[in-house]
Each structure stands twice: as C-alpha cells, then as structure tokens.
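*Asks:* Here the numbering used here runs 122 ahead of the position in the sequence shown, where the first position is 1.
For glycine and all other residues, C-beta sits at the position ideal for the given N, C-alpha and C.
What you are looking at is a predicted structure, and each value in this text was computed from that prediction instead of being measured.
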Amino acid sequence: MEVMQGLFWIIAIWWLFSSIVRTIRFMQYQKALERSKEANNNINPIDKELDIKAEKSVEVEMVEDAVCGKLINKSKSYQLYHDDKLFYFCSWDCRQKYINEHIKQSE
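1. Please work out which residues of its chain come closer than 6 Å, Cβ to Cβ, to Arg144, disregarding the five sequence neighbours upstream and downstream, and give them in chain order.
2. With DSSP as the reference, identify every bridge partner of Tyr200, one or two as the case may be.
3. Which class does Met123 belong to by DSSP, given the choice of helix, strand or coil?
4. Considering only residues of the same chain and omitting the five flanking positions on each side of Gln225, which have a CB-CB separation below 8 Å?
5. According to the Cβ coordinates, are Val185 and Tyr210 closer than 8 Å?
6. Using CA atoms only, rank isn't needed, just tell me which of Phe130, Ile133, Ala188, Ala154 is closest to Gln218.
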C-alpha cells in the first residue's frame with residue numbers, strides 16, 4: 123500500500139510541476155506575441171502606406187505571341203529581334219516556327 127501511495131505522490135508532484143512549466147511557457151508566449159504586435163504598431167504609418175502602394179503598383183506587362191497569338195508575361199517570353207522590331211513568343215517552338223516561316227523564306 124505504501125508503494126501505491128508513494129507512486130501517487132510522485133505522479134501528483136510531476137503533474138503539478140508540468141502544469142507550472144506549461145503556464146510559464148504560455149505566459150512567455152503571450153508576452154512575445156504582445157511585443158511583436160507592439161513592434162508592428164510602432165512602424166511609421168507613412169512607411170506602411172508606402173509599402174501598401176508598392177505592393178499594389180506591381181503590374182505584369184503582357185505581350186502577344188507573334189505565331190499563336192497567346193498573351194504571355196513579357197518577362198517570361200522568348201524574344202527575337204528582327205527587322206528593327208522585337209517579337210515575343212510563348213515557347214521555343216513558336217519562336218522556331220516564326221524563324222522558319224518568316225526569316226528563312228526572306229533569305
């Protein structure tokens with residue numbers, strides 16, 4: 123019986139200790155969360171507004187493929203400069219098709 127009673131006290135003390143540790147960790151987490159919110163609130167409102175405007179002002183320029191007519195992002199397109207004009211293509215195959223049909227025929 124004394125063994126059971128000793129085991130009970132060990133479990134009770136362990137549970138109490140772990141509850142205290144959990145409570146302390148939770149309080150530390152809450153303080154860290156408050157500090158991060160305060161840091162975000164201390165940012166100059168003008169800086170926040172500039173950041174929002176910068177995010178909104180990013181526009182993607184779309185161009186038309188010279189072969190298939192598909193609209194594509196200019197920065198991701200294949201480009202070919204021919205007859206003082208810049209042509210855009212959605213794929214390497216479209217670029218090659220344009221070269222075969224327009225450039226090689228004119229030579």
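*Replies:* Quick answer:
1. Cβ contact annotation for Arg144 (same chain, cutoff 6 Å, sequence separation greater than five): none.
2. BP columns for Tyr200 point to Phe211.
3. Coil, per DSSP.
4. The question names Gln, but residue 225 is Ile in the sequence shown. If we look at Ile225 and ignore the five residues flanking it on each side, its Cβ neighbours are His204.
5. Their beta carbons are under 8 Å apart, which means Val185 touches Tyr210 by this criterion.
6. Among Phe130, Ile133, Ala188, Ala154, the Cα nearest to that of Gln218 belongs to Ala188.
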